[in-house]
Amino acid sequence: MSKTNPGNFFEDFQVGQVIEHATPRTVTEGDRAAYGSLYPTRFAVPSSAAFAASVGLEQHPVEELIGFHIAFGKTVPDVSLNAVANLGYAECRFHRPVVPGDTLSTKSEVIGLKQNSNGKSGVVYVRSTATNQRGEVAIDWARWVMVHKRNQAAAAPETVIPELAKAVDAKNLIVPKGLDFSAYDFTAAGEPHRLADYEVGEKIDHVDGVTLTESEHQQATRLWQNTAKVHFNVEARPDGRNLVYGGHIISLARALSFNGLANAQLVAAINAGAHTSPAFAGDTVYAWSEVLDRVETDAPGVGALRLRLVATKGRDESMTLRGEDPSTGSGQAAKYAPGVLLDLDYWALIPA
Amino acid sequence: MSKTNPGNFFEDFQVGQVIEHATPRTVTEGDRAAYGSLYPTRFAVPSSAAFAASVGLEQHPVEELIGFHIAFGKTVPDVSLNAVANLGYAECRFHRPVVPGDTLSTKSEVIGLKQNSNGKSGVVYVRSTATNQRGEVAIDWARWVMVHKRNQAAAAPETVIPELAKAVDAKNLIVPKGLDFSAYDFTAAGEPHRLADYEVGEKIDHVDGVTLTESEHQQATRLWQNTAKVHFNVEARPDGRNLVYGGHIISLARALSFNGLANAQLVAAINAGAHTSPAFAGDTVYAWSEVLDRVETDAPGVGALRLRLVATKGRDESMTLRGEDPSTGSGQAAKYAPGVLLDLDYWALIPA
Amino acid sequence: MSKTNPGNFFEDFQVGQVIEHATPRTVTEGDRAAYGSLYPTRFAVPSSAAFAASVGLEQHPVEELIGFHIAFGKTVPDVSLNAVANLGYAECRFHRPVVPGDTLSTKSEVIGLKQNSNGKSGVVYVRSTATNQRGEVAIDWARWVMVHKRNQAAAAPETVIPELAKAVDAKNLIVPKGLDFSAYDFTAAGEPHRLADYEVGEKIDHVDGVTLTESEHQQATRLWQNTAKVHFNVEARPDGRNLVYGGHIISLARALSFNGLANAQLVAAINAGAHTSPAFAGDTVYAWSEVLDRVETDAPGVGALRLRLVATKGRDESMTLRGEDPSTGSGQAAKYAPGVLLDLDYWALIPA
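Residue numbers (this note's numbering), protein chains in the order written: chain P, 1 to 352; chain S, 353 to 704; chain U, 705 to 1056.
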């Protein structure tokens, strides 16, 4: 019998099944430096131990997305090695900051299945949970992905589609223990804007762009132990090009959003995310944000902004998310505008 | 009002103005490793904690240039986002070693202004100071830069040109607390040459060359949170090429200088620096040094060499800094020889 | 006299000579992260401090190959700067895990010499030993390399060819202090296969491939302070291409071998190694392994597999090491099959 991992196919999943993913991984200060060399991040909390301490955090957290990418990467060999496409995320919450020394492990429960009408593939819904070495939940999220069938003749499972919230309810947001923005240093953080300065519906063009290089996206993706071969092996795709990991675009866009959202220090939740177009080395990526909601929290001086973060190939100063759909002229959801790479809906914590 | 940072233009600066730069940044062992993957550095003090302890240092410092690049990078969004050119450095001193765990913040005072006769731009002189989390000065330096005017009709400020030393006086050099080279291990350090072995006027061809790659210069520059878009975005320049950050060439040349200057362990001061030509991925960079001065210090066994460090595109075994100026045939300063990328004047500490 | 290092030529070596190599280097968590960004490694022991503790290790070791590359890199300026070719390794043993904070130094003793019949070069045999800051042996190995003569008229030394073991004897394998696999978590480690599941003669195709990029192999090689110019300088070779450091292929193949050998957690010894063909950026590297031997050890639950690890350019599902030699049709050793880059013989520790 082959000793290598063929990955799971659609018919290998059952609702209720729990998968413990390999391998646990310890986060270190080396990850913080590597992240800083790969993304133009400047948020003061993950950048500065002194700033983090000044806002009440006992230890110096790394960027939430470092934890997310590591935790997510673990699910790839079991969940999406035979994926056609990653379809969406929901209900992702960051339960406590990840700090150097933490070891993350991830497990997933299958919470839904729906075979496609073509009989060749199906959608698998999983809820994944990353815990630290003390067994405390660090991050959890739902994700659904279209996976090939190994055997097209295999019977279709009963269709189960989980109910997933369109967005994490503001009252369910988790603020890190001790976080206190009441003596927040806006000068050190780089911008004067606080919660009340952002209007719902406001759009912010983050101005700066970064041209993707072949080595950088691979180094980032490899750092998360993500093994999807399309990112690393030019022989794995008919076009001979390495596809950029979607999470690379998330991190890049989040870092670019510093310019205009410098005080949106911490990611508290990811409500939804769509990778709307593939990206490749040579593409120049820009970002813009739209304010979707703003709320206060119970923590001193801490508010939350719900933001849509959009990454584009080439700068779109008009910040257009969707084109008009000429066939309907109606209220129907139109297609994403050309150039849109990512549409991410998340909550960030910001001084109130 | 736009929430993004447009940077300062020439008319935004006033003499005496103090700018506190964002964002503080903690130095880690991850930075040491990243630096070692990007530059061929082998100086024994930053390479080895055991060697550093053996020469009296309480903690294991990182390369001085790591501190310098981080501290410098913070000034970019406020001082040089709208720069035409970086014109020079002076009076840069390293006041104490930067060690992992230190958080650096930078502030700058405007110490001079001179509008150009064309009325389109002007020269801004700043003195910048980087402090650690205890408020102690880590590095300070003067720098002048040519900055665009936003509005050409804006009135010219009174011209103030600061007096800056041509070189840091040897008696003002700062030797790190505890440094003692009296039991220095030349074998471990890699070369037998001490202070007295270097003659003023001597030139050293460092032999080795490194071909610049697109990813490496960007990773380095990003690590320092330097946001100048010309380094990262091929759409930011008419030629569609990413300009290599001048500091990348400084670090590369300093690392190459190990071969012949292995015992020039610590950078104590930077007297002057000129980036004389742009560099791009694909260029192969070599370095040579000229001994400008040599002195003893009060610290046991510690001498100081004043060195000119020259980086070139392509190897120049003749080590020619300036071409003959055919139009004058006189003592006038001639232009830099073709291929010269960097002319840096600095003080290094070396066993006496 | 020139202050730069010309390296040693064949006639500079004498049997019995001991060379202390520069420069000591401290291993950090930054190296672990850098390694993880450059190689797709997922072995649970170096990945997770918690897993390492669960198998009895007091501190969290880095990959053995990090120690090996650092220790090996130190020998390059003295032993192989003027090498024609690296010919082989033998008797490499890992005496104790290398952990962050350890400072490695290397010395070499010349144990053999044989001038080539052409009088232009000769083979130098050295035994190198890397010690930590406490003077404890971390790694030792023998290596032989063909080195140019400076002066072809120099007299040939007496030929001395050391006796080197074809493989480290199983009874001489060193198991790290405290290692105990009796409560090993196969789920966390990623595969169910233990010692008894591997048959001598069995071959494992590791399936995945990685396309080499220019920046990544250079960053890796530079991290080990390996200064061989052919890796970094396109002007150093007539074909204008950077040769990939052979150790980069070793690390890449070892990481790829996770898929099928996930429980081969620790490298205990390297018996032999040949870099059979050069590799360049753009090549896509795959790996396969052959089980050469399997033994139990005295440590609880710890077995050892002797493995042949083969890296290839392009995937060879037939896993052919050597082509038939048409000129003989006999039992004579035939040439390596086209595409074979590396043939490495090593011992790994695995749950029994």
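Where a beta carbon is used, it is the ideal one built from N, C-alpha and C, also for glycine.
Exposed or buried, what is residue i when buried is set at 16 or more other beta-carbons lying within 10 Å of its beta-carbon?
{"i": "glutamine 219 of chain P", "result": "buried"}
{"i": "arginine 143 of chain P", "result": "buried"}
{"i": "aspartate 1049 of chain U", "result": "buried"}
{"i": "serine 128 of chain P", "result": "buried"}
{"i": "arginine 294 of chain P", "result": "buried"}
{"i": "proline 100 of chain P", "result": "buried"}
{"i": "glutamine 152 of chain P", "result": "exposed"}
{"i": "serine 80 of chain P", "result": "buried"}
{"i": "glutamine 115 of chain P", "result": "buried"}
Check each candidate in the options and name the one with the smallest Cα separation from residue i.
{"i": "alanine 348 of chain P", "options": "P/Ala130, P/Arg25, P/Lys166, P/Arg254", "result": "P/Arg254"}
{"i": "asparagine 709 of chain U", "options": "U/Asp884, U/Lys933, U/Arg729, U/Ala756", "result": "U/Lys933"}
{"i": "valine 938 of chain U", "options": "S/Val637, S/Ala651, S/Gly612", "result": "S/Val637"}
{"i": "alanine 1003 of chain U", "options": "U/Ile954, U/Glu994, U/Leu877, U/Asp1020", "result": "U/Leu877"}
{"i": "glutamine 721 of chain U", "options": "U/Val802, U/Gly740, U/Thr732, U/Ser812", "result": "U/Ser812"}
{"i": "leucine 604 of chain S", "options": "S/Lys355, S/Ile371, S/Tyr387", "result": "S/Tyr387"}
{"i": "leucine 1013 of chain U", "options": "U/Val914, U/Ile908, U/Gln763, U/Glu862", "result": "U/Ile908"}
{"i": "alanine 631 of chain S", "options": "S/Val462, S/Gly666, S/Val559", "result": "S/Gly666"}
Classify residue i as helix, strand or coil using the three-state DSSP reduction.
{"i": "proline 710 of chain U", "result": "coil"}
{"i": "serine 993 of chain U", "result": "strand"}
{"i": "serine 80 of chain P", "result": "helix"}
{"i": "glutamine 718 of chain U", "result": "coil"}
{"i": "alanine 423 of chain S", "result": "helix"}
{"i": "threonine 1024 of chain U", "result": "coil"}
{"i": "asparagine 611 of chain S", "result": "helix"}
{"i": "arginine 377 of chain S", "result": "strand"}
{"i": "isoleucine 371 of chain S", "result": "strand"}
{"i": "glutamate 163 of chain P", "result": "coil"}
{"i": "alanine 34 of chain P", "result": "helix"}
{"i": "phenylalanine 446 of chain S", "result": "strand"}
{"i": "serine 54 of chain P", "result": "helix"}
{"i": "alanine 304 of chain P", "result": "strand"}
{"i": "threonine 106 of chain P", "result": "strand"}
{"i": "glycine 977 of chain U", "result": "strand"}
{"i": "alanine 689 of chain S", "result": "coil"}
{"i": "serine 251 of chain P", "result": "helix"}
{"i": "lysine 229 of chain P", "result": "helix"}
{"i": "valine 889 of chain U", "result": "Looking at the sequence shown, residue 889 of chain U is not valine but aspartate. Of the three classes helix, strand and coil, the one that applies to aspartate 889 of chain U here is coil, per DSSP."}
{"i": "leucine 223 of chain P", "result": "helix"}
{"i": "alanine 196 of chain P", "result": "helix"}
{"i": "isoleucine 66 of chain P", "result": "helix"}
{"i": "glycine 246 of chain P", "result": "helix"}
{"i": "asparagine 172 of chain P", "result": "helix"}
Kindly identify the DSSP beta-bridge partner or partners of residue i.
{"i": "asparagine 790 of chain U", "result": "U/Val849"}
{"i": "threonine 647 of chain U", "result": "The shown model of chain U, from 705 to 1056, leaves out residue 647 of chain U, and the question about it has no answer."}
{"i": "lysine 466 of chain S", "result": "S/Val475"}
{"i": "alanine 348 of chain P", "result": "P/Val267, P/Leu305"}
{"i": "isoleucine 663 of chain S", "result": "Note that residue 663 of chain S is alanine in the sequence shown here, rather than isoleucine. Paired residue(s): S/Ala639, S/Leu694."}
{"i": "alanine 156 of chain P", "result": "BP columns for alanine 156 of chain P are empty, so no partner."}
{"i": "alanine 834 of chain U", "result": "U/Thr810, U/Ile843"}
{"i": "isoleucine 908 of chain U", "result": "U/Ser993"}
{"i": "valine 999 of chain U", "result": "U/Ala1008"}
Rounded to the nearest angstrom, how far is the Cβ of residue i from that of residue j, given a contact under 8 angstroms?
{"i": "valine 512 of chain S", "j": "phenylalanine 362 of chain S", "result": "With 8 angstroms as the limit, valine 512 of chain S and phenylalanine 362 of chain S do not qualify as a contact, their Cβ atoms being about 13 angstroms apart."}
{"i": "threonine 375 of chain S", "j": "alanine 189 of chain P", "result": "6 angstroms"}
{"i": "alanine 756 of chain U", "j": "leucine 808 of chain U", "result": "Contact doesn't hold; Cβ gap of about 19 angstroms is too wide."}
{"i": "phenylalanine 533 of chain S", "j": "proline 703 of chain S", "result": "4 angstroms"}
{"i": "alanine 978 of chain U", "j": "glycine 792 of chain U", "result": "6 angstroms"}
{"i": "valine 643 of chain S", "j": "tyrosine 550 of chain S", "result": "5 angstroms"}
{"i": "leucine 965 of chain U", "j": "serine 993 of chain U", "result": "6 angstroms"}
{"i": "leucine 65 of chain P", "j": "isoleucine 250 of chain P", "result": "7 angstroms"}
{"i": "valine 766 of chain U", "j": "valine 802 of chain U", "result": "6 angstroms"}
Consider the C-beta atom of residue i and the heavy atoms of the ligand ADP; say whether any pair is separated by less than 8 angstroms.
{"i": "glycine 7 of chain P", "result": "In the structure on display, the ligand ADP does not appear, and there are no ligands present to speak of."}
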